[in-house]
Amino acid sequence: ADSDLFVAEGLYGDPSKQKDAASKGHMVYTEAATMARDAHVKELWLTHFSPAMLNSKEHLAGAQEIFAN
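The opening position of the sequence shown corresponds to residue 1127 in my numbering, with each subsequent residue numbered one higher.
Here it is as structure tokens:
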């Protein structure tokens, strides 16, 4: 692995909101997971969740399919 830890914001969990997130300078969980996978990091920590998102864990499965750690 090139890095031990990648701390990334995951303001949006729903991948369908990727364009909206990008237009505001933010990411969705799957985007952060793809970056972690492609950078060969050991572990990904998601932070900076949207306060409007009632269940931040709801979309984690999609991100974990891309990057398990």
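The beta carbon of each residue, even a glycine, is placed where N, CA and C say it ideally should be.
Along the alpha helix (DSSP H) that carries S1149, what are the first and last residues, could you check? Along the sequence shown, read from residue 1 onward, the residue named residue 1149 stands at position 23. Start and end: 1144–1149.
Can you name, in chain order, every residue of its own chain whose Cβ lies under 7 Å from the Cβ of S1176, other than the five neighbours on each side? For the purposes of this step, residue 1176 is taken as residue 50 along the sequence shown, with counting starting at 1. So the qualifying residues of the chain are L1137, Y1138.
Neighbourhood of I1192 by C-beta distance below 7 Å, restricted to the same chain and skipping five residues each side: Walking along the sequence shown from the start, residue 1192 turns up at place 66. The answer, listed in chain order, is T1156, A1159, T1160, R1163.
With 16 as the cutoff for other CB atoms within 10 Å, does V1133 come out buried or exposed? Position 7 of the sequence shown, counted from the start, is the residue given in the question as residue 1133. Exposed.
Taking only three categories from DSSP, how would you classify D1164? Start at 1 with the first residue of the sequence shown, and residue 1164 comes out as number 38. In the structure shown, D1164 sits in a helix (DSSP, three-state: H, G or I).
Just the C-alpha distance for L1180 and S1129, rounded to the nearest angstrom, thanks. Looking up residue 1180 in the sequence shown gives position 54. Looking up residue 1129 in the sequence shown gives position 3. Approximately 31 Å, taken between the alpha carbons.
Per-residue DSSP class, three states only, for E1157: Walking along the sequence shown from the start, residue 1157 turns up at place 31. Helix at E1157.
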